[in-house]
Amino acid sequence: MTVVAKLGSSIVAGGEGALRTDVLDRVCVQVGELHAGGENVVLVTSGAIARGMRVLELGRRPSAIDELQAASAVGQGSLFRAYEERLGRSEIRAAQVLLTASDLQLRTHYLNARQTLSRLLAWRVVPVVNENDTTATDEITFGDNDFLAAQVAIMLEARLLVLLTDQSGLYTKDPRRHDDAELVTEVTEEAQLTGYEIGEHTSPFGLGGMRSKVAAAGMAGASGIGAVICDGTAEGTLVAAARGDATGTRFSSHLDRTPSFKLWLRYAKPSHGKLLVDDGAARVLRERGSSLLPVGITEVEGEFDAGDAVDVTSDGQAIGKGIVNYSANELRQIKGMRTDKVRELLPHASEEAVHRDYFVLT
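Residue numbers (this note's numbering): 4 to 365.
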């Protein structure tokens, strides 16, 4: 069984970007305890940029991509060594794993990354995962690696995702601004979240915040993986979360796991366009799990190629996402047409615009 633990910038780095060595000490001791008990542990860490800022004596987080990449390049090595040294005290080997968005978006890369991580776990090595910020572009803006942590948990079919932050968990309001904020100990369904004020506040060194952590917990739950948001600076919280003890906010998992391909499609593969469909197509997609045929498409938005992912909507309501068998230009030619007419125009065309095996409901 595998536990994925994510450490945000707020607990990895202090107010001026210095490593919070006391926090890393406590977390790595707990990893050692779980590891000795037979648990596989994966650490997803933020903090490379914060570490680089400290070394370079930068007073504020850079905003330009090249500056972020340079700061990360300076900080990445020493950040990993901090984990490697502390895990080594428990005689645990560590491996640095750097991922980019393309490693999640491209199916072959996704499978290769999963295979590599699985092999490391089989060898009883603790992977220390971070985004490869030195070559990344848009992915630097992911929610302080919360999205990445959820993806890794899904990729490995982990039993639990633990999001370690500098707060005790999810509150009904931002406790930094409201004295009457109350800790939410358990979230059993998504509708429960509508009653809470979930803010975007984060540290000077990160881009996360409680909202991105709640979203990551929801992603994990949709794949049958429970999640806990808790205070990583406190003693014993990682072990408590892994053992099911009361700590922080626990998010219930869905009973049924979604197949890994559809989880990848839903969360990792970005959409490049949108297909608007009529009521009949919307109904069979939702109720029968049918494929989407060109005859049911009313409008095509965006530019995409065959093999790209597209969102499917009806009357302004999202239905799902699928991998399309046609380019945007081809679909504009054949939208609303029956299959026999499509074949006359495009003799070697696929019958389905989006096959049901490559479609996932929102």
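The C-beta atom is built at its ideal place from N, Cα and C for all residues, glycine as well. Remember, predicted model here, so these are calculated numbers, not experimental data.
Beta-ladder partner(s) of residue i, from DSSP
| i | result |
| --- | --- |
| leucine 27 | None, per the DSSP bridge assignment. |
| arginine 253 | Glu189, Val231 |
| glutamate 302 | Leu279 |
| aspartate 314 | Lys277, Lys324 |
| threonine 119 | In the DSSP output, where bridge partners are listed per residue, threonine 119 has none listed. |
| valine 363 | Lys324 |
| valine 165 | Ala8, Val231 |
| asparagine 332 | DSSP output for asparagine 332 lists no bridge partner at all. |
Assigned secondary structure, residue i (DSSP; H/G/I helix, E/B strand, else coil)
| i | result |
| --- | --- |
| lysine 324 | strand |
| tyrosine 113 | helix |
| glycine 11 | coil |
| aspartate 149 | helix |
| threonine 236 | coil |
| glutamate 70 | helix |
| serine 81 | helix |
| valine 128 | coil |
| threonine 48 | strand |
| glutamate 60 | coil |
| asparagine 135 | coil |
| threonine 144 | Residue placement at threonine 144 cannot be trusted, given a pLDDT of 42 that sits under 50; what the coordinates show is reported in the next sentence. It is helical. |
| threonine 103 | coil |
| leucine 159 | coil |
| histidine 38 | helix |
Sub-9 Å separation of residue i and residue j beta-carbons
| i | j | result |
| --- | --- | --- |
| arginine 214 | valine 231 | no |
| serine 353 | asparagine 328 | yes |
| valine 32 | arginine 89 | yes |
| threonine 342 | valine 287 | no |
| aspartate 182 | leucine 166 | no |
| leucine 71 | isoleucine 52 | yes |
| aspartate 234 | threonine 301 | no |
| isoleucine 326 | leucine 268 | yes |
| leucine 124 | leucine 159 | yes |
| valine 303 | valine 357 | no |
| alanine 153 | valine 132 | no |
| alanine 220 | valine 190 | yes |
Outcome for residue i when other beta-carbon atoms lying within 10 angstroms are tallied against a minimum of 16
| i | result |
| --- | --- |
| arginine 57 | buried |
| glutamate 200 | exposed |
| threonine 111 | exposed |
| lysine 9 | buried |
| lysine 344 | exposed |
| asparagine 115 | exposed |
| proline 130 | buried |
| aspartate 141 | With a pLDDT of only 47 at aspartate 141, under the threshold of 50, the placement of this residue in the model should not be trusted, and no figure is reported. |
Spatially closest choice to residue i from the options, by CA coordinates
| i | options | result |
| --- | --- | --- |
| arginine 84 | Leu266, Ala243, Ala97, Gly319 | Ala97 |
| threonine 24 | Gly50, Val44, Glu36 | Gly50 |
| glycine 239 | Ser12, Ala16, Leu37, Gly17 | Leu37 |
| asparagine 135 | Arg122, Ala74, Ala153 | Ala74 |
| isoleucine 228 | Ala243, Thr236, Ser255 | Ser255 |
| valine 242 | Pro178, Gly41, Leu186, Leu349 | Gly41 |
| valine 100 | Pro350, Asp318, Leu46, Lys272 | Leu46 |
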